[in-house]
Ligand SMILES: Cc1ncc(COP(=O)(O)O)c(C=O)c1O
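Following this line, the structure appears as structure tokens:
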């Protein structure tokens, strides 16, 4: 279903590296590179404002392709510079008061949890971490029991940064809707990796980044905001894109999710991200998901067979993120050793997912994150290198 040859031919980086750091930033394919670079050239040649004016249709297309990706309306999409800011724009817009409860999970991303802490301290709200079930995903039973009229928000990281866990986003959405609480989903690692349907998931907000599984340029991301929720929210920042200045003492928010945007932006990046989303749709998200999970299972199996390697992934459903430790080696040493063989991996440290790492007694993990353009041969070489490693 995925033509591996074509995928690799259209990915220039495949000629240079074995890139198992797609959860950091994936390799851009040619059409994304072209859309981004062409616009930078246009800016240099005719002026950046003038170049943007020439591309209004293509810039609008960003909202169409993104809404098609998520099964929502283009008006429910905001272009934001990264997943953290997209998440922040939603979170800081939610009204919270003393005594309100915020439910999160142990997979919560560091920056998200820091924002929860900051705001809980400011307003006197309480953060509660929903326990996991025996597989390591958020416990739906525990979540159901914790929900009451004081809960204002469920904040869930769909796929954590530090492992293969896939949290049951739609089952959580069902509980959120029954309890009528805000539901903010961090889909930073899942966007572009698996099909996402905000109607089926039932979230009010979804944040994502461009550079990871969507294969877009850095410095790009987006936020989905459910239309019915707009009037309950006060965006934390305002500018002349987010609102119209109507009179000396009057302004009006944009009638849609554009009220969460900035005026100034990386226009080439927005065009590149639109191209990346269109490109992912051409392959088909279901096809991508099937290939990514198949490759990850292959890698987990091969790694588990190595006597000095321990695989650490949790969850009933597992993603393309594969995490492991190597006996007697620091994660940085493993990363460095692999880097010398033109293999890219990353290191997940405790600061990114403190709740989960502490609960499991971990401080760092090596993360190999696979995409559909990675090959079985690369997985073989990767494991052979690890198996052959002697000082
Ligand atoms: C689960 C998760 N959420 C949020 C982020 C932050 O994304 P960004 O760097 O685009 O702000 C990351 C980045 O690694 C992540 O893994």
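In our numbering, the protein residues as written are 3 to 393. For glycine and all other residues, C-beta sits at the position ideal for the given N, C-alpha and C.
* Output the distance between the C-alpha atoms of residue 245 and residue 237, rounded to the nearest integer angstrom. => 10 Å
* Asked: Which partner residues of residue 255 appear in the DSSP bridge assignment?
  -> 245
* **Same chain, Cβ closer than 7 Å to residue 179, five either side skipped, listed in chain order** => 204
* In the structure shown, what three-state DSSP assignment does residue 155 receive? -> strand
* Could you tell me whether any non-hydrogen atom of ligand 1 is closer than 7 Å to the CB of residue 205? => No, the beta carbon of residue 205 sits no closer than 7 Å to any heavy atom of ligand 1.
* Have a look at residue 80 and residue 261 and give me their C-alpha separation to the nearest angstrom. => 8 Å
* Since I believe residue 162 is in contact with residue 355 (beta carbons under 8 Å), could you give me their beta-carbon distance rounded to a whole number of angstroms? => The Cβ separation is near 6 Å, so the contact holds.
* To do: May I ask whether a heavy atom of ligand 1 can be found less than 7 Å away from the beta carbon of residue 188?
  => yes
* **residue 346: CB within 7 Å of a non-hydrogen atom of ligand 1** => no
* Please look up how many angstroms separate the CB atoms of residue 183 and residue 74, rounded, as I've assumed it's under 8 Å. => Incorrect: roughly 20 Å between the Cβ atoms, too far for contact.
* Cα-Cα separation between residue 388 and residue 146, rounded to whole angstroms -> 43 Å
* Option nearest residue 348 by Cα separation, candidates 363, 216, 337 -> 337
* At least 3 beta-carbon pairs within less than 8 Å: the region 110-128 vs the region 310-323 -> no
* Asked: Considering only residues of the region 179-255, which uninterrupted alpha helix (DSSP H) runs meet the minimum length of 4 residues and lie entirely inside it, listed in chain order?
  -> Counting whole runs of 4 or more residues, the region 179-255 contains the alpha helix (DSSP H) stretches 200-203.
* Who are residue 312's beta bridge partners in DSSP? -> 327
* To do: Work out the CA separation of residue 190 and residue 376 for me, nearest whole Å.
  => 20 Å
* Taking Cβ positions, are residue 372 and residue 297 nearer each other than 8 Å? -> yes
* heavy atom of ligand 3 below 7 Å from residue 170 C-beta -> With respect to ligand 3, the structure shown offers nothing to examine, as its ligands consist of ligand 1.
* To do: Locate the beta strand (DSSP E) running through residue 306, then write down its first and last residues.
  => That residue, residue 306, is in no beta strand (DSSP E); its alpha helix (DSSP H) goes 287-306.
* **Delimiting residues of the beta strand (DSSP E) encompassing residue 103** => Per DSSP, residue 103 belongs to the beta strand (DSSP E) from 103-107.
* Asked: Could you give the C-beta distance for residue 105 and residue 226, rounded to a whole number, given that I count them as a contact under 8 Å?
  -> About 20 Å; that fails the 8 Å criterion.
* Tell me, please, which residues DSSP counts as bridged to residue 367. => 350
* Please look up how many angstroms separate the CB atoms of residue 384 and residue 352, rounded, as I've assumed it's under 8 Å. => With a Cβ gap of about 25 Å, residue 384 and residue 352 do not count as contacting.
* Asked: Going straight from the alpha carbon of residue 19 to that of residue 27, what length do you get?
  -> 13 Å
* **For residue 24, the three-state DSSP class (helix, strand or coil)** => coil
* Asked: Cβ of residue 223 versus every heavy atom of ligand 1: is any distance shorter than 7 Å?
  -> yes
* To do: Return yes when the Cβ of residue 274 is within less than 8 Å of the Cβ of residue 330, no when it is not.
  => Not closer than 8 Å, so no.
* Does the region 272-286 come close enough to the region 299-308 to have 3 or more Cβ pairs within less than 8 Å? -> no
* Asked: With distances taken from CA atoms, which of 29, 54, 22 is nearest residue 270?
  -> 54
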